Each structure stands twice: as C-alpha cells, then as structure tokens.
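Residue numbers (full-length UniProt numbering): 1 to 187.
Every residue, glycine too, gets a C-beta built ideally from N, C-alpha and C.
Please read these numbers as outputs of a predicted model, since none were measured by experiment.
Each remark here refers to the structure printed beneath this line.
As structure tokens, then:
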C-alpha cells in the first residue's frame with residue numbers, strides 16, 4: 001500500500017518526536033531501530049522509508065530539538081534581563097529535571113552528541129551560537145552568554161544526578177541565584 005507524501009511526513013515527524021523522547025530518557029545509542037519504530041506502532045523495516053540510517057535520525061532529531069530551544073526564547077515576552085529571567089525560570093525548575101523525555105536534549109544527550117559525526121557537532125555548534133547570540137542581545141555583557149548557557153545545562157545535569165528532590169531544588173535555586181546576580185549586576 002502506497003502512502004501519501006503527507007502521511008509519510010506525519011509519520012516521519014512522529015518518529016522524530018518519539019525518538020527524541022526515548023533518546024533523552026534512555027540514550028540514543030542504546031535504543032535500537034525496532035524499539036524506536038515500535039513506539040509509534042510500526043515495524044523496524046519501515047524505518048528506512050524515513051531515514052537513511054540511525055545516524056541520519058540522530059542528526060535530524062538534534063537539529064529539531066535545538067530549533068525548538070532557539071524558538072522558545074524568541075517566543076518569550078519582554079526584553080533584556082526580564083526575558084532572560086523568564087528563560088532561566090522555565091529551564092531551571094523541578095519539572096524540567098523530572099521530565100527528562102520532554103526537556104532540553106543537551107543535559108541528556110550532550111555526551112552522545114560529543115561522539116557524533118562532525119556534521120552533527122557542527123550543526124549543534126551553529127544552533128548554540130544562534131541561541132547564545134540571542135541571549136547576548138538581551139544582556140549588556142554578551143561575553144557572559146556562553147557561561148549562562150553552561151550554568152543552565154550543567155545545573156540540570158547535576159540536579160538529575162541527585163537522589164532527593166531537596167538536593168535537586170538546592171542546585172536549581174543556587175543556579176538561579178548566581179544567574180540573577182549576573183543579571184542584576186548589569187541592571
């Protein structure tokens with residue numbers, strides 16, 4: 001049975017979304033094609049109708065996830081320090097720590113991205129440059145944008161490593177306080 005191009009595009013998008021969630025929760029390398037396809041109700045053989053390889057899927061999901069992250073900042077109201085405060089509040093919260101499959105891919109897949117093909121890492125660098133540029137545009141000291149991003153991502157990694165919610169919240173609060181000091185010092 002032949003499917004329409006629209007159906008193929010919808011299936012591809014479902015596979016991207018589902019794979020991103022599964023990869024963030026359990027790692028991309030350790031999740032097989034059959035498991036990725038089963039999650040959307042298809043067989044492993046259908047995978048290659050949508051992606052040339054598992055690496056192609058990884059590159060596509062990384063690009064999609066980063067585009068979503070960049071778009072999220074653009075959608076926040078306000079400007080300057082207030083916009084960054086909103087971004088930090090969204091990112092550095094217990095719901096983000098708990099919702100591994102729904103959250104930012106950098107804390108979950110950063111180590112896998114570091115081992116990915118050079119093209120994937122170049123695309124990640126380009127997307128992060130875009131994000132950092134947007135953050136820099138909102139702060140009077142643009143050179144701090146990479147540090148703010150690193151603080152956010154590292155805080156989520158660290159919080160997810162901790163066993164108790166109290167310790168996780170302490171990491172998030174400490175990071176919020178540090179970022180607030182950076183924002184307030186320039187107000």
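> To which residues of the same chain is residue 96 closer than 6 Å at the C-beta, ignoring the five residues directly before and after it?
Replying inline: Numbered from its first residue, the chain shown carries residue 96 at position 96. If we look at residue 96 and ignore the five residues flanking it on each side, its Cβ neighbours are 103.
> Assuming residue 218 and residue 153 make a contact with CB atoms under 8 Å, what is their CB distance in whole Å?
Replying inline: Summary: the structure shown does not reach residue 218, with the chain confined to residues 1 through 187, and so no result is reported for it.
> Is it true that the CB of residue 138 sits closer than 8 Å to the CB of residue 86?
Replying inline: Counting from 1 along the chain shown, the entry for residue 86 is found at position 86. Counting from 1 along the chain shown, the entry for residue 138 is found at position 138. No, these two residues do not count as a Cβ contact at 8 Å.
> Where do the ends of the alpha helix (DSSP H) carrying residue 98 lie?
Replying inline: Taking the first residue of the chain shown as 1, we reach residue 98 at position 98. Element bounds for residue 98: 94-98.
> Quick one: is residue 116 buried, meaning 16 or more other Cβ sit within 10 Å of its Cβ, or exposed?
Replying inline: To locate residue 116, count along the chain shown from 1; it is residue 116. Per the 10 Å Cβ criterion, buried.
>> Just to confirm my understanding: we take residue 113, look at its own chain, exclude 5 residues before and 5 after, and list those with CB closer than 6 Å. What are they?
In response: Counting from 1 along the chain shown, the entry for residue 113 is found at position 113. Excluding sequence neighbours, residue 113 sits near 124.
> Does the stretch 160-171 touch the stretch 57-73, meaning 3 or more C-beta pairs lie closer than 8 Å?
Replying inline: no
>> I'd like the span of the alpha helix (DSSP H) that includes residue 118, first residue to last.
In response: Along the chain shown, one-based indexing puts residue 118 at 118. First-last of the alpha helix (DSSP H) with residue 118: 118-137.
>> Distance check for residue 77 and residue 189, CA to CA, integer angstroms please.
In response: With the chain represented from 1 up to 187, any question about residue 189 goes unanswered, as that position is not in the structure.
>> Under DSSP, the alpha helix (DSSP H) around residue 65 begins and ends at which residues?
In response: By one-based count along the chain shown, residue 65 stands at place 65. Element bounds for residue 65: 54-75.
>> Once the 5 residues before and after residue 182 are set aside, which same chain residues still bring their CB inside 7 Å of it?
In response: The residue you call residue 182 lines up with position 182 of the chain shown. Excluding sequence neighbours, residue 182 sits near 144, 148.
> Which residues in the same chain as residue 157 place their Cβ atom closer than 6 Å to its Cβ, once the five residues preceding and following it in sequence are excluded?
Replying inline: Along the chain shown, one-based indexing puts residue 157 at 157. Here the set comprises 107.
> Can you list, in chain order, the residues of its chain whose CB lies under 8 Å from that of residue 131, leaving out five sequence neighbours each side?
Replying inline: Your numbering for residue 131 matches position 131 in the chain shown. Once the five neighbours on either side are set aside, the close Cβ partners of residue 131 are 66, 69, 70, 73, 149.
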